[in-house]
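Number of protein chains: 2
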Amino acid sequence: MNEAKPPPQRVTIRTVAEDAGVSVAAVSKVMRNAYGVSEALRQNVLESIERLNYRPSNAARGMRGQTYTLGVVLVGIDNPFLPQVFAGIASVANAAGYKILMGVGAAHMPMEASLIEQMIDSHMDGIVMIAAQLSGKLMEKYARQIPIAVIGHHEPLAQTFDTVNANDSHGAKLAVRALVAKGYRDIGMVSLGPHRPHDHYDVAPQREIGFASAIAEAGLGAPKIFRFDNLDDARLGKITTFLAGPDRPRALFVWSDLDGIPILNAARQMGLRVPEDLALIAYDNSPVAALPLIDLASMDQSGTRLGQLATEALLSRIGGRKEAQHVLIDPSLTIRSSF
Amino acid sequence: MNEAKPPPQRVTIRTVAEDAGVSVAAVSKVMRNAYGVSEALRQNVLESIERLNYRPSNAARGMRGQTYTLGVVLVGIDNPFLPQVFAGIASVANAAGYKILMGVGAAHMPMEASLIEQMIDSHMDGIVMIAAQLSGKLMEKYARQIPIAVIGHHEPLAQTFDTVNANDSHGAKLAVRALVAKGYRDIGMVSLGPHRPHDHYDVAPQREIGFASAIAEAGLGAPKIFRFDNLDDARLGKITTFLAGPDRPRALFVWSDLDGIPILNAARQMGLRVPEDLALIAYDNSPVAALPLIDLASMDQSGTRLGQLATEALLSRIGGRKEAQHVLIDPSLTIRSSF
DNA sequence: ATGAAAGCGCTAACAC
DNA sequence: GTGTTAGCGCTTTCAT
């Protein structure tokens, strides 16, 4: 009676085993290139896999072994240099036979933590974090449960996880030196606000350190650092007020294009000429900065390279490395008409 | 002898059951708010869960029931209106107790297909696809294996999956009408190139249809549609040549900000005044278009709303709905100085 | 070299 | 209302 169409059964490892006339263990071994299978059996199984279009279940795999999936945690999906970093991660991961799944942290900590937990619960093999907001303490904790490599978080003494960064303090120095070389003396910095004293692991504080150091090195007195709350609706007004005020430095090093672009815009809107009235160097060298109408000089931190290095570090962790590894690469200045 | 620190055992449903002095089934029921648990037992279990900081394994859950995880497939991470769409998806999903994991398709089909397969293999409960390149045929096939809702793909007759779109042909009409209302008669369109005849499901062809229809409606003769290959390195040069040539229309409707911004840039660089020499309306109303120095008029398709609607559709599919659902919302023009 | 069988942590029948 | 138990699809000893 029950002549209804047979439910399109999922093809499992058992289906393949039966089709090939071997044991499930044999199929499993072939799938993982494990040791101990004859070439004949191997070919036989591969044919069945091909014919049946078999794909192993990630979930089932995760319960015993690896899932061959890496998680990527982002602060926000609109971060301008994300695409590059991601491309770097994907190239290395895919080449090594790993898949990637991403989670977006929306820039607040609880969200990031729950993402990591979710990735652990999904039995992913490792995690790359980009510009994490998470405290070092928590990172250490999670890193004990799953291999983690972090981009954009300076914690060179961390033991349980790896870090990969562009040298942010050095980048800031390079920017200031370029400004000084052009003859500017009255140089200020716009940094990420508000200032959070204990986040010296983040990139912005690192850039502040480099800035202050370069200012001192050039003998330009006390470093002037300004902040605009990035959650403030009245932010644009405050920027305008700042630019119109008597405190405005002749040249500005801005911690990120995220702030640099609006500042450049505000300046031009007010009739300030860039660089004749105000010189500008920002950070990240995002695509928008490269637009001819914007043409904002910016520090480039080679996102692709960061992504690659972090993924390589992660894979070697997964491969068994125990000692932490902390990589630093050098950023470079992309010169444009804004200074 | 083996006095090494006891391996930090993962706390499983069994740990909780023992701690609470109940059966694993009881714990499972509490976790899923299932029917048939006394309030006393429930509280008891919840306390243990809290105390032990228990989180169920997604992988294990997926093997029998749901994972409470939705997959989101993107064409590319740099799509300018992605953040909004994603925000819409996340808000609805999280409110319903679902987690989200994303995959990036890098705008080519094999990648997208393998992402979907991976999500199926990870036993996700459903998938939201944004601006998919996948053919309708393949979508139908995958949709038989997992609930799928698609944003930015017009296929109102599809049975196995749902679609949510802004009305792209209508949006194009609105743009042309706005141009006509300003008095422009010589109106061209820049569309996505190269033209692929069978992709009328995509948003660009839909916008072409609306454009042609509005041009006819206004009695402006044959529609003029131009294309620049977006993979072409010499693209900027071609745009410049086009703008300098005799064929340049007085006003341009551009299929996306992705092309609109470079065109605006090229025009201004060449000394063309916008809108005095060339009027421009683009599509997507991305943040860059809103920059004062750019100030490009653009059609807004309310990405947040699209994301919400698609997720609601997906959840109701997961909930058991069988008939397809195809939602269309109206875009609106964001007026700026470019026309 | 190959296969049988014991789980991994959970959900869903089914008993009680 | 609560507990027992049989799998889900794999990986991994351990026999053979």
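Residue numbers (our numbering), protein chains in the order written: chain A, 293 to 631; chain B, 293 to 631.
Idealized CB from N, CA, C, for every residue including glycine.
Note that the structure is predicted; figures quoted are calculated from it, not measured.
Through-space distance from residue 504/A to residue 422/A, alpha-carbon basis: 26 Å
Which residues DSSP lists as bridging residue 462/A, in chain order: Paired residues: none, contrary to the question.
8 Å Cβ cutoff met for residue 520/B and residue 479/B: No, they are not a contact pair.
Spatially closest choice to residue 576/B from 379/B, 624/B, 427/B and 342/B, by CA coordinates: 624/B
is_contact[residue 584/A, chain B] using C-beta, thresh 8 Å: yes
Member of 309/A, 402/A and 587/A whose CA lies at the smallest distance from the CA of residue 333/A: Ranking 309/A, 402/A and 587/A by Cα distance to residue 333/A puts 309/A first.
Limits of the unbroken alpha helix (DSSP H) element including residue 434/A: 428–435
Cutoff 8 Å: residue 350/A Cβ touching any chain B Cβ: With 8 Å as the cut-off, residue 350/A counts as an interface residue toward chain B.
Inter-stretch contact at 8 Å, needing at least 3 Cβ pairs: the segment 548–567 of chain B / the segment 312–323 of chain B: As far as the Cβ criterion goes, the segment 548–567 of chain B does not touch the segment 312–323 of chain B, which means the pair count is below three.
Pairwise C-alpha distance: residue 447/A and residue 464/A: 18 Å
Coarse secondary structure for residue 607/A, derived from DSSP in three states: Helix at residue 607/A.
CB of residue 338/A within 8 Å of CB of residue 307/A, strictly: no
Cβ contact (3+ pairs, closer than 8 Å) linking the segment 492–504 of chain A and the segment 458–473 of chain A: yes
Spatial neighbours of residue 314/B in its chain, beta-carbon cut-off 8 Å, leaving aside the 5 residues before and after: 333, 336 and 337
Cβ separation of residue 418/A and residue 606/A, assumed to be a contact under 8 Å, to the nearest whole Å: 5 Å
Selection from 475/A, 593/A, 354/A and 622/A that minimises the alpha carbon distance to residue 414/B: 354/A
Pair within 8 Å by beta-carbon distance, residue 375/B and residue 580/B: no
Contacts that residue 336/A makes with chain B (C-beta to C-beta distance below 7 Å): None at all; the shortest Cβ gap to chain B is about 23 Å.
Span of the alpha helix (DSSP H), counted from its first residue to its last, around residue 529/A: 527–536
Contacts of residue 375/B in chain A (Cβ-Cβ under 8 Å): 368, 369 and 370
Short-range partners of chain A found in the segment 403–419 of chain B, where Cβ spacing is below 9 Å: Cβ contacts with chain A come from 406, 407, 409, 410, 411, 412, 413, 414 and 415.
C-alpha distance - residue 406/B paired with residue 438/B, whole-angstrom precision: 14 Å
7 Å Cβ cut-off: residues of chain A touching residue 580/B: 580
Cβ-based contacts, 8 Å cut-off: residues of the segment 457–470 of chain A near chain B: none
Residues that residue 336/B bridges to, as DSSP identifies them: Beta-bridge pairing links residue 336/B to no other residue.
Identity of the residue in 531/B, 482/B, 493/B and 431/B nearest residue 444/B by Cα: Here the closest residue by C-alpha is 493/B.
Endpoints, beta strand (DSSP E) assigned at residue 556/A: Annotation for residue 556/A: no beta strand (DSSP E) segment contains it, though the alpha helix (DSSP H) segment containing it runs 549–561.
Three-state secondary structure (DSSP) of residue 630/A: coil
Cutoff 8 Å: residue 394/B Cβ touching any chain A Cβ: yes
Coarse secondary structure for residue 414/A, derived from DSSP in three states: Here residue 414/A sits in coil by DSSP.
Buried or exposed by the 16-neighbour rule on C-beta atoms within 10 Å, applied to residue 296/B: At residue 296/B the pLDDT is 37, less than 50, meaning the model places this residue with poor confidence; the figure from the coordinates comes in the next sentence. Burial call: exposed.
Neighbourhood of residue 495/B by C-beta, 6 Å cutoff - its chain only, sequence neighbours within 5 removed: 444 and 460
Proximal residues to residue 346/B (C-beta, below 6 Å), its chain only, five neighbours per side dropped: Cβ neighbours of residue 346/B beyond the five flanking positions: 303 and 308.
CB of residue 450/B within 8 Å of CB of residue 428/B, strictly: yes
Proximal chain A residues relative to residue 577/B, where beta-carbon distance stays under 7 Å: Within 7 Å Cβ-Cβ: nothing; residue 577/B doesn't reach chain A, min ~14 Å.
Proximity test, Cβ basis, 8 Å: residue 378/A and chain B: Yes, residue 378/A lies at the interface with chain B (some Cβ there is under 8 Å from its Cβ).
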